[in-house]
Amino acid sequence: MSEEELQVLRAQLDDILAKGWICPSCSPYGAPVLFVRKDNKDLRLSIDYRKLNVQTIKNAGPLPRIDDLLESLGGAKYFSKLDLKSGYHQIEIQPRDRYKIAFKTRYGHFEWIVMPFGLTNAPTTFQAAMTTKFRDVLDRTVLIYLDDILVYSRTLDEYLEHLRAVLERLRIAKYKANRDKCEFAQQELEYLGHYVTPQGIRPLADRVQAIQDWPDLKCTIDVRSFLGLASYYMRFVNGFQRIAAPLSRLRSPLVPFEFSDEARHAFHTLKTTLLQASVLSIYDPTLPTKVTTDASGYGIGAVLEQHDDTDWHPVEYFSQKVPSINTLDDARKKELLAFVTVLKRWCHFLLGSRRFMWVMDNNPLTYYKMQDTVSSTIGRWMYFIDQFDFTSKHISGSSNKAADALSRRPDLCALVHSTFGLDEILQQHFVNGYKSDRGFSTLHVDLSSDQSPTSNYRIVDGYLLLHTRGKDLLCVPQDRILRTRLLGEYHDSRLAGHLCVAHTLARLRQRFHWPDIISDVNWYIQSCAVCHRNKGRHQLPYGELKPLPIPRASGLSIAMDVTGPFPHDRLGHDGILTVLDRLSKYARFLPCKYHATAPELARTGCFGSHGVPEDIVSDRDTRFKSAFWTTLMVESSTNMKPSSPRHP
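Here it is as C-alpha cells:
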C-alpha cells in the first residue's frame with residue numbers, strides 16, 4: 001500500500017472502531033480491503049466481498065416500483081426529502097453471522113458489528129428494515145426507496161404534522177439523517193430520477209439527453225450511425241421507413257451527400273419520435289431488464305431496456321465522451337468503464353432489484369470475475385459492480401447497434417482532438433500542416449469542396465479524419481512541432497509512463513494516423529534521455545575477454561582463414577588459404593579455390609611439416625563447421641577453436 005493508503009487505513013479503522021462499528025476478530029475468514037476514490041478525491045475504505053457474495057443465497061425481497069411510488073403523490077403540494085447518514089451502518093448484524101464478514105488489514109483482523117457496504121443482500125435487507133418501521137404510513141404520507149425518504153402532504157399544516165411523525169419514528173428507531181442532504185418544505189425537488197411538483201411528475205431533462213443532443217449529420221458515416229440506432233427501435237415507430245426515407249438515400253456511397261431541408265426534417269422527426277412515451281417505457285423492477293453497453297475510442301454508449309412479454313422497450317439512453325484520464329486505456333478497460341458508469345447512473349433502478357442482464361460485444365468481459373490479478377482501479381470497479389445482481393451475455397459487434405451508435409455520436413468523434421487540450425496555436429499547426437503536407441494537401445482540398453468524393457476520409461471542424469476498422473483516426477500532417485507534441489503526450493506524460501516502442505505505437509494508432517508513424521516513434525524513443533537514464537538493460541552482460549593461452553612449442557597451435565576472391569591464376573586458383581603459427585608467427589600462403597570444399601582445403605597441405613596441431617583457430621566458415629572437417633578433427637585429436645561471430 002502507498003503511504004497515503006496506509007494513513008487512510010489507520011485513520012478510518014480508528015474512526016469506525018471508536019464508533020463501535022467493528023471489533024477485533026479471530027474469524028477463519030478474511031476479505032481483503034480496497035480503497036475507492038470519492039468525488040472529492042479522498043479515499044474511502046472498502047471491503048472486497050466478491051468471494052462471499054458468490055456463496056450467498058440471494059434475498060428475493062423486491063424493491064418498490066418507482067412508478068408505483070410516484071403515482072402516490074397525486075395532489076401533494078409540499079415535500080421533504082430525508083437521506084439517512086451511512087444508512088447501511090445503522091443496521092446491526094446478528095452476532096452469530098459476524099464472523100462471515102470479517103476482513104483483514106495490516107493493522108489487525110476485524111469483523112463488522114453493523115452491516116457494511118458491498119454485501120449482495122445489503123440493499124434488500126435495508127429496504128425491508130425501513131418498510132417494517134414505516135409500514136402503516138407508506139403510500140399515505142411517506143415514500144421510501146432504500147435510504148431516500150420522501151414526506152409529502154397536501155397542506156402546510158398536514159406537512160408539519162407528517163414530518164414531525166416521521167422524524168419521531170426515526171428518533172425512536174435511532175436512525176440518523178444526514179442534514180446536509182435533506183431538503184425540507186419544498187414544492188419541487190428531485191426524487192428517484194424525476195422532478196416532483198404539485199402539478200405532477202416529469203422526468204429529468206437528461207433522461208434522453210443522448211438522443212436530444214445528437215448533432216446534425218455531416219457525412220454518410222454520420223447518417224449510418226444515427227440510422228443504426230433509430231432502426232434498432234423501428235418496430236416501435238409507426239411509419240418508420242416513410243419518415244427515414246430521405247436519410248436512407250444518403251447512406252449510399254454513390255449518392256453525393258447533401259443534408260437538404262427534407263433530410264433535416266426527417267432527422268428531427270425521428271429524434272422526436274424516439275423520445276415519445278410510446279417508445280420510452282417507465283422502469284418496472286418486476287420486468288426482465290437488460291443493460292447494453294459499448295465503448296469506442298472516444299465515447300461511451302448504453303441503453304437500459306425492459307421486456308413487457310412482447311418485446312424489449314428502451315427505458316433510457318446514455319452517451320458521453322470517454323474521460324481524458326481513460327483515453328489511453330485498452331478496449332477491455334474502456335468496456336468495463338462503460339458498465340461502471342451506467343451502473344452509477346442507473347443505480348436507483350438496478351441496485352437491489354431482480355437480476356438483470358448485461359450485454360456487451362467485448363467477449364473477455366464475460367469472464368472478468370475469473371481473473372485472479374487485476375489493477376487497483378479495476379479492483380475498485382469490480383468491488384462496486386459486485387453489489388449488483390446480474391448475468392453477462394456476449395453478442396457480436398454487428399448486433400450491438402444501439403449502444404454502438406450512441407458511443408460513436410459524431411459530436412463525440414469531433415472531440416477526439418480535445419483530449420490533449422489542442423490550443424489555438426496547435427490547431428493552426430493542423431490547418432497549415434494539411435496545406436503543406438504532400439500526402440494530405442490534395443485530399444484536404446478535395447474533401448473541402450462542395451462536391452467531395454466518396455472516401456474513408458472526412459473533415460470535421462477543420463480536422464481530417466480517417467474512418468477505419470470502425471473508428472475515426474485523426475490525421476496528423478507533416479509538422480515537427482505537432483508530431484513532437486503528440487509523441488510527447490503518448491510517451492513522456494504521466495499517463496504514458498515512458499512505454500516501449502510497441503506499446504507507444506499501439507496507443508497512438510488507436511487515435512491518430514500518419515504515414516511515417518513507425519519511424520517517428522522509433523526515433524523519438526531512441527532519443528529519449530529519461531529512458532536511457534532510468535531503464536535497465538535486459539540483455540545478458542558482455543563476457544570478459546579471455547586471451548588464448550600461449551602455445552608450448554611451434555606447430556602446436558595454428559590460425560587459418562580463406563581470403564579472396566582474386567583474379568584467377570593459370571591453374572584456376574582465386575583464393576588464398578592463410579596458415580599462421582601462433583607462437584613463431586611463421587605464415588604460409590597457400591593458393592586455393594575461394595569456393596573450395598572442405599576436403600579440398602584439407603588436401604592443400606595446411607598442416608605443414610610440423611605435423612597435426614593440437615588446436616586450430618579459425619572463423620565460423622561453414623567448411624570448418626562441416627561434418628567432414630569435424631570428423632577429421634576428431635580423428636586427428638585436434639581441437640577447433642572458432643572465433644566469436646562478427647569478431648574473428
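With full-length UniProt numbering applied, the sequence shown has no gaps in its numbers, which climb one by one up to 648 at the end. Each residue gets a CB set at the ideal place from its N, CA and C atoms; glycine is no exception.
Pairing Asp615 with Thr638 gives a Cβ-Cβ distance under 8 Å.
Distances from the alpha-carbon of Tyr145 to those of Pro215, Thr125 and Leu270 put Thr125 closest. Within its own chain, the residues whose Cβ lies closer than 8 Å to the Cβ of Ser643, once the five positions on either side in sequence are excluded, are Val617, Ser618, Asp619 and Arg620, listed in chain order. CA-to-CA, the gap between Leu150 and Lys344 works out to about 21 Å. The beta carbons of Lys393 and Val359 sit about 5 Å from each other, so the pair counts as a contact at 8 Å.
One Cα belongs to Leu34, the other to Ala122, and the distance between them is close to 18 Å. CA-to-CA, the gap between Asp83 and Glu183 works out to about 9 Å.
Annotation: Pro288 to Gly87 spans about 28 Å, alpha carbon to alpha carbon. Note: Asp615 is bridge-paired with Ser557 and Asn639 in the DSSP secondary-structure output. The alpha-carbon separation between His265 and Arg251 amounts to approximately 16 Å. Inclusion of Leu447 and Ser455 in the CB contact set at 8 Å is warranted, their separation being smaller than that value. Only exposed fits Glu188, as fewer than 16 other CB atoms lie within 10 angstroms of its CB. Distances from the CA of His513 to each of Arg507, Leu473, Thr504 and Leu482 were compared; the closest alpha carbon is that of Leu473.
A distance below 8 Å between beta-carbons, with the five flanking residues on each side excluded, links Thr131 to the following residues of its chain, in chain order: Leu138 and Ile144. Here Met360 carries a strand assignment [DSSP, helix/strand/coil]. Rounded to the nearest angstrom, the Cβ distance from Ala302 to Thr292 is 6 Å, consistent with a contact under 8 Å.
Partner residues in a beta bridge of Gly439, as assigned by DSSP, do not exist. Under the three-state reduction of DSSP output, Pro565 falls in the coil class, being neither helix nor strand. By the C-beta density criterion, Phe628 is exposed, having fewer than 16 other C-beta atoms within 10 angstroms. The beta carbon of His573 sits closer than 7 Å to those of Pro591, Cys592 and Lys593, all from its chain and outside the five residues before and after it, given in chain order.
In this structure, the alpha-carbon of Asp386 lies about 42 Å from that of Glu158. Ranked by Cα distance from Asp14, the options Pro28, Gly30, Leu45 and Arg537 are led by Leu45. Exposure of Phe589 is indicated by the presence of fewer than 16 other C-beta atoms within 10 angstroms of its C-beta. The alpha-carbon of His467 is positioned some 40 Å away from that of Leu192.
Beta-bridge annotation (DSSP): Cys475 is paired with His513. Judged by their CB atoms, Phe259 and Asp216 are nearer to each other than the 8 Å cut-off. If you draw a straight line from the Cα of Val114 to the Cα of Phe356, it is about 28 Å long.
In the three-state reduction of the DSSP assignment, Ser448 falls in the helix class. Counting only unbroken stretches of 4 or more residues, the alpha helix (DSSP H) elements lying wholly within the segment 271-356 are 331-345 and 347-350, in sequence order. By the neighbour-count criterion, in which 16 or more other beta carbons inside 10 Å mark a residue as buried, Arg483 falls on the buried side. When only Cα atoms are considered, Ile576 and Gly543 end up about 33 Å apart. The C-alpha of Pro62 is placed about 17 Å away from the C-alpha of Leu70.
A residue is called buried when at least 16 other Cβ atoms come within 10 angstroms of its Cβ; Asp294 meets this threshold and is buried.
The straight-line gap separating the alpha-carbon atoms of Tyr283 and Asp389 is approximately 17 Å. A residue is called buried once 16 or more other Cβ atoms fall within 10 Å of its Cβ, and Phe134 is buried on that count.
The beta carbon of Pro285 lies closer than 7 Å to those of Pro62, Leu63, Arg65, Ser353 and Arg354 in the same chain, with the five residues before and after it left out.
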